[in-house]
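For the sequence shown, UniProt numbering gives the first residue as 1, with consecutive numbering after it.
Beneath this line is the structure, given in structure tokens, with notes to follow.
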Amino acid sequence: MILSLFKNAFIMKKQHIHFVPRGDSQLAVWASNIGDKISIIGPQLGMDAAAVTKVETAALNIEMAVKAVESKRADLEQAVSLKNESKVADVQVIADAAAVMKRHPDYREQLGSALGIVGYVVNYDPKDLKPVIKARTFEGKVEISFNLQQMSCITIYSRLKGTNGWTRLGNDYESPFIDSRPLTVATQPEIREYAAMYFNLREDVGQMSQIETIVFAG
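So, in structure tokens, the structure goes:
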């Protein structure tokens, strides 16, 4: 038993975690706590009034910056939601009106063109199409925005930088694609690569997109 414990003492490893939180929400709480307590604890550990004020200001700056981002993010999410609702409801109103006008005996394509309600045909070869993607990291997820061109679906792939072979994450019909997979090793940031191809509901077609590289901290 003693020999076993002695061996385990040499097998166990330590991982030192930095005291600064990586996530924005935890960072704001951490900064707020320091701002509240530094005026009491700081002087006990040799800090003068100027040094205390400097730390208090830094902590407040962090807290306000994080809250500003969270507020903007909420505003953006609300704006995107309203935009998506408008694309469904309001566009349908215009489409219905266009259908009514096109059934009128006096309708001419010239009038429809003036309103922008005349469709057109685009000739393309799917094998020549190449998606354009953009990756952005948020707390707990990565968003991959993409364009569809004339296609209706896309396949998203990912891998860790420096590894071979792509992992197929799935298909999507509307940008952005959300990758909410956790870190491969908890608390250890990783460099991820993303790419995409168009999907014709049977198989991938066209050319693979450029590779997007991003650091994901969880």
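All C-beta atoms, glycine included, are put in the ideal place defined by N, C-alpha and C.
Please classify residue i: does DSSP put it in a helix, a strand, or coil?
i, result
"R136", "strand"
"V205", "strand"
"I62", "helix"
"I214", "strand"
"L5", "With a pLDDT of only 49 at L5, under 50, the local geometry of the prediction cannot be trusted, and no value is derived from it."
"M47", "coil"
"D106", "coil"
"P21", "coil"
"V80", "helix"
"V52", "helix"
"V29", "helix"
"I34", "helix"
"V100", "helix"
"I40", "helix"
Using DSSP bridges, identify the partner residues of residue i.
i, result
"K141", "F138"
"D93", "Position check: residue 93 holds Val in this sequence, whereas Asp was assumed. DSSP, once it has assigned bridges, lists no residue as partnering V93."
"F146", "I133"
"residue 254", "Because the chain spans 1 through 218 in this model, residue 254 falls outside it and cannot be assessed."
For residue i, tell me which candidate among the options has the shortest Cα-Cα distance.
i, options, result
"D36", "E63, P21 and G46", "E63"
"G218", "V55, P189, D128 and K161", "P189"
"residue 250", "L201, L160 and D204", "This structure cannot settle anything about residue 250, because the visible part of the chain is limited to 1 through 218."
"E70", "T167, T163 and F138", "F138"
"V205", "E174, D128 and T167", "D128"
"P21", "S209, T187 and L111", "T187"
"residue 236", "N147, K141 and E203", "Missing from the structure shown is residue 236; the chain here goes from 1 to 218 and no further."
"V55", "I40, A68 and K67", "I40"
"L115", "K130, T167 and I94", "I94"
"L27", "V66, Q207 and G46", "V66"
"R168", "F199, M151 and S113", "F199"
"M151", "E203, K141, T163 and I191", "E203"
"D24", "G162, G140 and W166", "G140"
"T163", "L183, G170, V142 and I191", "I191"
Indicate whether the contact test is met: 3 or more Cβ pairs, each with one atom in the region 130–137 and one in the region 103–121, closer than 8 Å. In short, these stretches do not touch, since the Cβ pair count stays below three.
Mind pulling the beta strand (DSSP E) runs of 3 or more residues that sit fully within the region 149–197? If we require 3 residues or more, the beta strand (DSSP E) runs fully inside the region 149–197 come out as 154–160, 167–172 and 177–179.
I'd like to know if the region 52–62 and the region 25–42 are in contact, where contact means that at least 3 CB-CB pairs between them fall below 8 Å. As far as the Cβ criterion goes, the region 52–62 touches the region 25–42, which means the pair count is three or higher.
Any contact of the region 194–206 with the region 151–164, i.e. 3+ C-beta pairs under 8 Å? Yes, the region 194–206 touches the region 151–164.
Hey, is the region 166–184 in contact with the region 102–113, meaning 3+ C-beta pairs nearer than 8 Å? The region 166–184, when compared against the region 102–113, does not touch it at the 8 Å Cβ threshold.
Cβ contact check for the region 206–217 and the region 167–174: 3 or more pairs under 8 Å: With the rule of 3 Cβ pairs closer than 8 Å, the region 206–217 does not count as touching the region 167–174.
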